[in-house]
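A.B. asks:
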Amino acid sequence: MKKSIISLSLIASASLAQSYNLGQVNVEAKKNQNINVFEKTITSDDISRDNSIDISDALDNISGVSKDIQGGRGESTIHIRGFNSKRVGVFIDGVPIYVPYDGNFDYGRFLTTDISQIDVSKAYSSVVFGGNTMGGVVNIISKKPKKEFEGNIKAEMIFDSNMKMARHIESLNLGTMQKNGFYTQVGASYSKQDHFRMSDDFKGNSHQASGDRLRSENEDKKISLKVGYVANDDSEISINYSNQKGEKQQAPVTDTSFAKEKYWDWPKVDKESISIVGQKNFNNSYVKALAYYDSSKNNLNSYKDNTYSSFDNNKKTFKNENEDYTYGARVEYGLANDNNFFKTATNYKKDSHKTYDIGKTNNKKTLSENYEDHTISLGVENIYNITPKLELLAGLSYDMKKADKLYDTETKYLNMMKLEENDSFSPQAALIYSIDDDSKLRVSVSKKTYMPSMKDRYSRGPGGDGSGGGNGSGGGNGSGGEKVPNPDLKSEEAIHYELSYQRYYNGLNFALAGFFTRVDDAIQNVTYNSNEKLKQNQNIGSFDHRGIELDLEYANDDFKIGTNYTFISIKNRSNNNNKIVDVPNHQIFFFAQKEIGAGFSIYGNMKFRKGAYENKMDKSYVENPTTTTFDIKAIYKANKNLSAQIGVKNIGDKLIRYDMAYPMAGREYFASLEYKF
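Residue numbering for the sequence shown follows numbering that gives the first Met the number 0, starting at 0 and increasing by one per position.
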């Protein structure tokens, strides 16, 4: 029987060494080692080569994805083709891990030390993931052992431009795959940042002196465990657990024309997750099931002044604790015959958010918010081999989110707060033509939706918090006004069109994609009832995203070179005066690595970013300065087990500001030592 195979289930799992196949949800064309039509995969080798410390670093190096740092929250996020991280589904081994309250996820808190690969879908994605994947999907795949005993230990030190120790990172991974099919993977990591030093181009002011960034300290500790069993027919089951504890300081605003002064601190930023997943294979079908629980807890203190030590009676000072958790399950079934691969999946997801006010003097804990939602997603997809060279892919999903619980001690607009329900149908289709074994042409159209978060619907804090705007649009820096809730918000809808071509030839990988997306019913933070002092999220936005992505990569035995370029233009069809913020129009990443003999290699990269807008407090816009940075490092492999690296990031000490009120690190030096066995 000819297998058509899209690797949606990865029944033939043995072909991927050290990848955790139960955590993967891939959409591919006919089996081809060199071409993956739907996902871009970042491998552990890519991560090591580019010295990507966290997930946001790794994602920033691929086409269509741009890193963003929300300085006011101290979070690293991303945009995929202009869609902010709230509209991107993020998963670890297929488990959704974004925070239920606002849909955000801090990519900078997750190190790459225990990652096997990262799969990124930019528009067309499998219906298996469920709802809220309007902007794309990021699925982080953890390590899985393949030998009887294996592992690695790594230590890295980062120094500022004055050669003062700024950060150190240590990690350990151990694994065993037994002959009887049982396996265990254990991981641990520790990261401690004492500070970072800004570029010398930052001259300092009354808010921030030049040199070391104030309050830039953070700490993260993580452990992970995976225990599983693989049967003779490649059926598999595993239990997975991870626990991460952290704390971070909040750096102050350096320019009050872009953001208000605030004195925040995050004494606790914790995350815990447990899941069980299994797949049973039959002759030409499989059943796969997943159950999970994921929780996030953080404490936020807002102080009265820059001593970060006291509070007053003003509502701007507070202490609170946020507890968010998600539990859910997924069941999927796949069936292959000569010309079809059919798949169906059902997802259930329960979300809960609680906020506790902490007494400023007595530390008394009082529940102030408790919201709960549940989401059900039903999906089917199929691939049909029309001819040996032409394949048709089609899918349909139904997603429904229902509010289950609404408790709030805030009395303002309480009469407007109510439990509502949102649902949507999302079809998608693609044609893939195999010109030959090493080149493919694809055309696709897909409808995706974003169902409004709890924060979108219920928030009644100060207006302009950046929650509006399906594409990261304006109003993100506190443009003023009191928020009026809107539980009647509808889902945002996006229709993605894409034409792409991929070619592999004699070590050269080439890919070119053009895309157009129309977004309707985008959530915008606008004036309420003609009263400038009142703001409300409403479904009034319409956006057009269009762009081009180009990828080139060449490799031979001792040399590798690659580049990618992204052009994105986003038009606000509903209000031309309201620009999209934080999304560069042009972005380039280039790298080259050369082995020079005796175990030595040299690597360098270049990053170029231009055309991102920033929103000022007076509601005007400025374009962020164009930045071009260069990194370089030397690698020494003493043997197959031991390697060392030494290098420089941001050689030119460029002033980098994703958020104009929050400058980032200038030149940094680093050194690392790793032992693999």
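For each residue, glycine too, the CB sits at the ideal point set by N, CA and C.
(1) CB-CB under 6 Å to residue 59, same chain, minus the five flanking residues each way: which ones, in chain order?
(2) Output needed for residue 364: all residues of its chain with C-beta closer than 8 Å, excluding positions within five of it in sequence on either side, in chain order.
(3) Can at least three beta-carbon pairs, one atom from the stretch 136-151 and one from the stretch 386-401, be found at a separation below 8 Å?
(4) Quick check: the Cα distance between residue 411 and residue 459, rounded to an integer number of angstroms?
(5) What are the residues that DSSP puts in a beta bridge with residue 441?
(6) If you reduce the DSSP assignment to three classes, tell me which class residue 213 lands in.
(7) Rounded to a whole number of angstroms, what is the C-alpha to C-alpha distance between residue 730 and residue 519?
(8) Flag this pair as touching only if the stretch 195-211 and the stretch 253-268 have three or more C-beta atom pairs under 8 Å; answer yes or no.
(9) Quick one: what does DSSP say residue 57 is sitting in, helix, strand or coil?
(10) Which term fits residue 184, buried or exposed, when burial requires 16 or more other beta carbons within 10 angstroms of its beta carbon?
(11) Using the beta-carbon count (16 or more within 10 Å), is residue 442 buried or exposed?
(12) Is DSSP giving residue 630 helix, strand or coil here?
(13) Let's see if you can read the secondary structure: which residues bound the beta strand (DSSP E) around residue 164?
(14) For residue 324, report the span of its alpha helix (DSSP H) as first-last.
(15) Is the beta carbon of residue 88 closer than 7 Å to that of residue 128?
(16) Can you tell me the Cα-Cα spacing of residue 542 and residue 658, whole angstroms?
(17) Out of curiosity, what's the CA-to-CA distance linking residue 495 and residue 432?
(18) Return yes when the Cβ of residue 325 is within less than 7 Å of the Cβ of residue 720, no when it is not.
(19) Could you give the distance in angstroms between the alpha-carbon of residue 666 and the alpha-carbon of residue 370?
(20) What would DSSP say about residue 377, mapped onto helix, strand or coil?
(21) For residue 656, which residues of its own chain have a beta-carbon under 7 Å away from its beta-carbon, when the five flanking residues on both sides are left out?
(22) Thinking residue 290 and residue 274 are a contact (beta carbons under 8 Å), I'd like their distance in whole angstroms, please.
(23) According to DSSP, is residue 545 part of a helix, a strand, or is it coil?
(24) Between the Cα of residue 137 and those of 178, 181, 77, spot the shortest distance and give me the residue it belongs to.
(25) If the criterion is Cβ atoms closer than 7 Å, does the pair residue 279 and residue 215 meet it?
(26) Looking at the strands, I want to know which residues DSSP matches up with residue 113.
(27) In three-state DSSP terms, what is residue 362?
(28) Which one of 598, 49, 333 has the shortest CA to CA distance from residue 378?
(29) Which class does residue 449 belong to by DSSP, given the choice of helix, strand or coil?
(30) Determine the DSSP secondary structure at residue 156, reduced to helix, strand or coil.
(31) Count the other CB atoms, across all protein chains shown, that sit within 10 Å of the CB of residue 559; report buried if there are 16 or more and exposed otherwise.
(32) Measuring CA to CA, which of 508, 119, 668 is closest to residue 157?
(33) Could you spell out where the alpha helix (DSSP H) holding residue 47 opens and where it closes?
(34) So, is residue 232 buried or exposed, given that buried needs 16 or more other C-beta atoms within 10 angstroms?
(35) Please classify residue 679: is it buried, with 16 or more other beta-carbons within 10 angstroms of its beta-carbon, or exposed?
(36) Tell me which residues share the same chain as residue 243 and place their Cβ nearer than 6 Å to its Cβ, disregarding the 5 neighbours each side in the sequence.
C.D. replies: With the given structure in hand:
(1) 66
(2) 320, 355, 356, 357, 358
(3) no
(4) 8 Å
(5) 431, 499
(6) coil
(7) Outside the shown range of the chain, which is 0 to 676, sits residue 730, and nothing can be said about it.
(8) yes
(9) helix
(10) buried
(11) exposed
(12) strand
(13) 164-176
(14) Run containing residue 324: none in the alpha helix (DSSP H); it sits in the beta strand (DSSP E), 317-335.
(15) yes
(16) 23 Å
(17) 19 Å
(18) The question about residue 720 has no answer, for the chain in this structure spans 0 to 676.
(19) 44 Å
(20) strand
(21) 623, 662, 663
(22) 7 Å
(23) strand
(24) 77
(25) no
(26) Answer is none; residue 113 lacks a bridge partner.
(27) coil
(28) 333
(29) strand
(30) strand
(31) buried
(32) 668
(33) 43-48
(34) exposed
(35) There is simply no residue 679 to check, as the chain begins at 0 and stops at 676 in what is shown.
(36) 221, 270
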